[in-house]
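Numbering (the numbering used here), first residue to last: 16 to 187.
Written below as structure tokens is the structure these notes are about.
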Amino acid sequence: MGSTSLPSFIQMPSTHSSFSEKHIAPLKKFQIVIPTKDTKFSCKVLHKSVPLAASIAILLWSTPAHAGFMSGISGLESVPGPQLPQIDFIKRLDEENQKKYAENDERIKSSPLMKKLLEQSKLNKEKNRKEIEDKYCLRGAEWGVGDCSTEGMSPVEREKFIAMLKQKAGVE
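Given below as structure tokens:
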């Protein structure tokens with residue numbers, strides 16, 4: 016039933032080998048069954064698969080690389096440049112120019128001509144938006160798509176609707 020060279024907790028019947036924790040109930044605990052005819056093949060598979068599994072484990076369990084002694088040093092961009100000398104004449108000239116620019120901006124914004132142009136621009140913007148909407152509505156009606164689609168209208172209703180859109184858009 017078994018071989019005499021193996022320990023007593025391993026049984027090796029003539030048809031297959033089984034490893035178990037106890038000799039009394041070999042099928043109830045963990046067991047590995049290896050047919051005796053294919054033991055050379057099984058050993059070859061084990062000899063090839065163990066190094067492969069170890070290599071995969073090492074690759075998946077690698078630690079991140081570090082930059083070495085340069086990893087803690089900040090770059091040149093973090094070092095502030097030298098303080099340039101302040102010239103009083105240039106500083107006063109800059110302050111005067113800033114005041115002039117601020118005064119000119121206020122004067123231009125409060126001028127009646129600028130207010131009139133801004134109001135006209137707002138009106139033109141609204142008018143242009145409405146014209147563009149009308150053109151797209153006309154195109155959608157002609158193609159039968161979108162919010163102005165003529166899908167489901169009779170041919171007479173469709174022609175009247177498109178004529179009204181053309182008049183509104185100023186196409187004809």
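Think of the CB as a built atom: it goes at the ideal place given N, C-alpha and C, for glycine as much as any other residue.
Treat the numbers as computed from the prediction; the structure is a model and nothing was measured.
Assign residue i to one of three DSSP states: helix, strand, or coil.
i	result
Gly161	coil
Gly155	helix
Glu166	coil
Gln101	coil
Pro9	Since the displayed the chain opens at 16 and closes at 187, residue 9 lies outside it and no answer follows.
Ser125	coil
Val60	helix
Val192	Residue 192 is absent from the structure shown; the chain starts at 16 and stops at 187.
Ala184	helix
Met179	helix
His38	Note that His38 scores a pLDDT of 49, beneath 50, so its modelled location is shaky and nothing firm can be said.
Out of the options, state which residue places its alpha-carbon closest to the alpha-carbon of residue i.
i	options	result
Gly161	Ser169, Pro170, Lys150 and Val171	Lys150
Lys183	Leu153, Lys131, Pro100 and Glu157	Leu153
Val186	Val171, Glu172, Glu146 and Pro170	Glu146
My understanding is that residue i touches residue j, with C-beta atoms under 8 Å, so please give their C-beta distance in whole angstroms.
i	j	result
Gly159	Glu166	5 Å
Cys163	Leu138	Not quite, the Cβ-Cβ distance comes to about 25 Å (not below 8 Å), so this is no contact.
Here's a check: name, in chain order, each residue in its chain whose Cβ is nearer than 7 Å to the Cβ of residue i, leaving out the five neighbours to either side.
i	result
Phe176	Ala156, Thr165 and Met168
Lys115	none
Arg173	Thr165
For residue i, I'd like the list of residues in its chain whose CB is within less than 6 Å of its CB, leaving aside the five on either flank, ordered along the chain.
i	result
Ala40	In this prediction, Ala40 scores a pLDDT of 49, lower than 50, which makes its location untrustworthy; the coordinate-derived value is nonetheless stated afterwards. There are no such residues.
Asp109	none
The ligand FAD heavy atoms versus the CB of residue i: any closer than 6 Å?
i	result
Leu132	Looking for the ligand FAD in the displayed structure turns up nothing, as the structure carries no ligands at all.
Kindly list the residues whose CB is nearer than 8 Å to the CB of residue i, restricted to its own chain and excluding five residues on each side of it in sequence; keep chain order.
i	result
Met129	Ile123
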